[in-house]
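Those protein sequence lines, which keep their order, are chains A and B. Per my numbering: the first sequence = residues 521 to 636. Per my numbering: the second sequence = residues 1206 to 1317. By construction, the Cβ of each residue, glycine as well, lies at the ideal position given by its N, Cα and C atoms. Below: one structure, written as structure tokens.
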Amino acid sequence: DAGVIQSPRHEVTEMGQEVTLRCKPISGHNSLFWYRQTMMRGLELLIYFNNNVPIDDSGMPEDRFSAKMPNASFSTLKIQPSEPRDSAVYFCASSLAPAGRPAEAFFGQGTRLTVV
Amino acid sequence: SQQGEEDPQALSIQEGENATMNCSYKTSINNLQWYRQNSGRGLVHLILIRSNEREKHSGRLRVTLDTSKKSSSLLITASRAADTASYFCATDAGGGYNKLIFGAGTRLAVHP
Chain A
521 DAGVIQSPRH EVTEMGQEVT LRCKPISGHN SLFWYRQTMM RGLELLIYFN
571 NNVPIDDSGM PEDRFSAKMP NASFSTLKIQ PSEPRDSAVY FCASSLAPAG
621 RPAEAFFGQG TRLTVV
Chain B
1206 SQQGEEDPQA LSIQEGENAT MNCSYKTSIN NLQWYRQNSG RGLVHLILIR
1256 SNEREKHSGR LRVTLDTSKK SSSLLITASR AADTASYFCA TDAGGGYNKL
1306 IFGAGTRLAV HP
């Protein structure tokens, strides 16, 4: 398996534009997580899905952020409109959570977003 | 919000020395995990310790967990320059979703 695949790896956009980040989790994994990493705030959990259903989006900073998981092999994180303070590295991670047993998370390489 | 806090924030050692990083957390956990992040890359899982375990080993890594003190430590023995990275602890409060909350991390520099 190629691991968790994120695209694009780098994105530079102007303030006010819509940004869409994409993630393909590892085949067979049933949990998917979106994290944001900044120097100031570290790694923040934004939202996570289980079996394609959003479980907890309390980490989403504002209504400008939305995430979808239309099927088991694809998820998007959208920011509309983007602002300079959204500049960060966004990570997608997936894991297999069988009947509550603990499991590791597998991370993608991240998308470095710069909003100018 | 961050659950765990690592200390030190940064650690600089010579090759061959041991490196110890500590993590404290606030709420009850099901398990605690340590991850490594090389500059500009994603996080990679190192080791998982369950709440009913006190110590775990994996190669040159040794992890301890003290649930009464809500703390964990990661020891890397005989460090190498290739161990240079940031190390994060992550807590899983249970619930079956493997939801991980990460600490701020420790930046480790190992000098040849």
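So D1297 (chain B) contacts chain A; which residues on that side make the cut at Cβ distance below 7 angstroms? Translated into positions along the second sequence, residue 1297 (chain B) becomes position 92. Residues of chain A passing the Cβ test: P622.
Could you spell out the range, first to last residue, of the beta strand (DSSP E) harbouring N1227 (chain B)? What you label residue 1227 (chain B) is simply residue 22 of the second sequence in a count that begins at 1. In the DSSP assignment, N1227 (chain B) falls within the beta strand (DSSP E) that extends over 1224-1229.
Just how far apart, CA to CA, sit N591 (chain A) and A613 (chain A)? To locate residue 591 (chain A), count along the first sequence from 1; it is residue 71. To locate residue 613 (chain A), count along the first sequence from 1; it is residue 93. Rounded to whole angstroms, N591 (chain A) to A613 (chain A) spans 15 angstroms at the Cα level.
Given this structure, state the Cα-to-Cα distance separating N550 (chain A) from N570 (chain A), to the nearest angstrom. The residue labelled residue 550 (chain A) in the question sits at position 30 within the first sequence. The residue labelled residue 570 (chain A) in the question sits at position 50 within the first sequence. Taken atom to atom, the span from the alpha-carbon of N550 (chain A) to that of N570 (chain A) is near 6 angstroms.
6 angstroms CB neighbourhood of R1255 (chain B) in its chain, flanking five on each side removed: Against the second sequence, residue 1255 (chain B) aligns to sequence position 50. Result list for R1255 (chain B): N1236, in chain order.
On the three-state DSSP scale, how would you describe Q1207 (chain B)? In the second sequence, counting from the first residue as 1, residue 1207 (chain B) sits at position 2. Here Q1207 (chain B) scores only 45 on pLDDT, less than 50, and its place in the model is too uncertain to base an answer on.
Chain-ordered chain A contacts of R1246 (chain B) [CB-CB under 8 angstroms]: Along the second sequence, one-based indexing puts residue 1246 (chain B) at 41. For R1246 (chain B), the C-beta contacts it makes with chain A under 8 angstroms involve Q629, G630, in order along the chain.
Work out the CA separation of A1286 (chain B) and T1269 (chain B) for me, nearest whole Å. Indexing the second sequence from 1 puts residue 1269 (chain B) at position 64. Indexing the second sequence from 1 puts residue 1286 (chain B) at position 81. If you take the alpha carbons of T1269 (chain B) and A1286 (chain B), they lie about 24 angstroms apart.
According to DSSP, is D1271 (chain B) part of a helix, a strand, or is it coil? What you label residue 1271 (chain B) is simply residue 66 of the second sequence in a count that begins at 1. The answer is strand: DSSP assigns D1271 (chain B) an E or B state.
Is the separation between the beta-carbon of L565 (chain A) and that of K1304 (chain B) shorter than 8 angstroms? For the purposes of this step, residue 565 (chain A) is identified with residue 45 of the first sequence, where counting begins at 1. For the purposes of this step, residue 1304 (chain B) is identified with residue 99 of the second sequence, where counting begins at 1. Taking 8 angstroms as the Cβ cut-off, L565 (chain A) and K1304 (chain B) qualify as a contacting pair.
Between the stretch 558-573 of chain A and chain B, which residues of the former have CB atoms less than 7 angstroms from a CB of the latter, in chain order? Answer in chain order: G562, L563, L565, Y568, N570.
Output yes or no for whether 8 angstroms exceeds the beta carbon distance between E538 (chain A) and Q600 (chain A). The residue given as residue 538 (chain A) occupies position 18 in the first sequence. The residue given as residue 600 (chain A) occupies position 80 in the first sequence. Yes, the Cβ-Cβ distance between E538 (chain A) and Q600 (chain A) is below 8 angstroms.
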